[in-house]
Each structure stands twice: as structure tokens, then as C-alpha cells.
Amino acid sequence: MKTPMDLIAEAKQDIPEVSVDELKEKLDRSDKLVLIDVRDGEEFSQGCIPSAIHMSRGTLEFQIGNKVPNHDQEIVLYCAAGFRSLLAAQSLEKMG
Numbered sequence: 001m002k003t004p005m006d007l008i009a010e011a012k013q014d015i016p017e018v019s020v021d022e023l024k025e026k027l028d029r030s031d032k033l034v035l036i037d038v039r040d041g042e043e044f045s046q047g048c049i050p051s052a053i054h055m056s057r058g059t060l061e062f063q064i065g066n067k068v069p070n071h072d073q074e075i076v077l078y079c080a081a082g083f084r085s086l087l088a089a090q091s092l093e094k095m096g
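Anchor point for the sequence shown: position 68 equals 68 in the UniProt record's numbering, and the numbering is continuous, going up by one each time.
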């Protein structure tokens, strides 16, 4: 059986990661970027990036179609350490 770290290592091969500086640049130049915070509700309530939409990791796949109907928009996901957002991005990639 694969460990969570095995899954993360596999996802890192397929999903591009964005640095904080790259994200700031993207946010500064594009109002079409969709920023999604996949942390749980308690973490989100403690603070978030102002333009972020909250969709916790456990409900993302069920909410994404309603909250981001334009599938052509660039989406950036984030969490506390990068693991949940990486796995969430991989899941969205599989969804198309």
C-alpha cells in the first residue's frame, strides 16, 4: 500500500508548484485567476489570502463546478504545508 508521502511524491511529478513570489505576480497581473484555499474551516477563519475562495479538501470535488463554472480559468490551490493543495490539484486535473 502506498503511503501519503508516496502519493505526494507522485503528485509532485505531475502538478506544477507555484512559489509565494510567483503567486503574488500572478495575482497582481490577472483578475481571472481563481485562488482556492483547501484548508479546513477553522484554519480558513484564522486568516486567508483576501481574494481566496474557501473549499475544504474534503468537499472540493463536489463544489468546484458550482463555484468555478469557467473551466478555462487558471486555478491555484493552497493550504498550510502544500500537501493537501497538491493532492487536491491532482484530483482536479483528473476531473478535467
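Glycine included, C-beta positions come from ideal geometry on N, C-alpha and C.
Hey, how far is the Cα of residue i from the Cα of residue j?
{"i": "residue 51", "j": "residue 35", "result": "7 Å"}
{"i": "residue 26", "j": "residue 17", "result": "13 Å"}
{"i": "residue 12", "j": "residue 86", "result": "7 Å"}
{"i": "residue 57", "j": "residue 37", "result": "9 Å"}
{"i": "residue 102", "j": "residue 30", "result": "The chain is shown from 1 up to 96; residue 102 falls before or after that span and cannot be answered."}
{"i": "residue 91", "j": "residue 82", "result": "14 Å"}
{"i": "residue 45", "j": "residue 53", "result": "12 Å"}
DSSP puts residue i in a beta bridge; with which residues?
{"i": "residue 77", "result": "36"}
Report yes if the C-beta distance between residue i and residue j is below 8 Å; otherwise report no.
{"i": "residue 93", "j": "residue 8", "result": "no"}
Return yes when the C-beta of residue i is under 7 Å from any heavy atom of the ligand GDP, and no when it is not.
{"i": "residue 26", "result": "You won't find the ligand GDP in this model; it holds no ligand whatsoever."}
Legend entry - Residue ranges of each beta strand (DSSP E) within the segment 28–69, 3 or longer: 34–37
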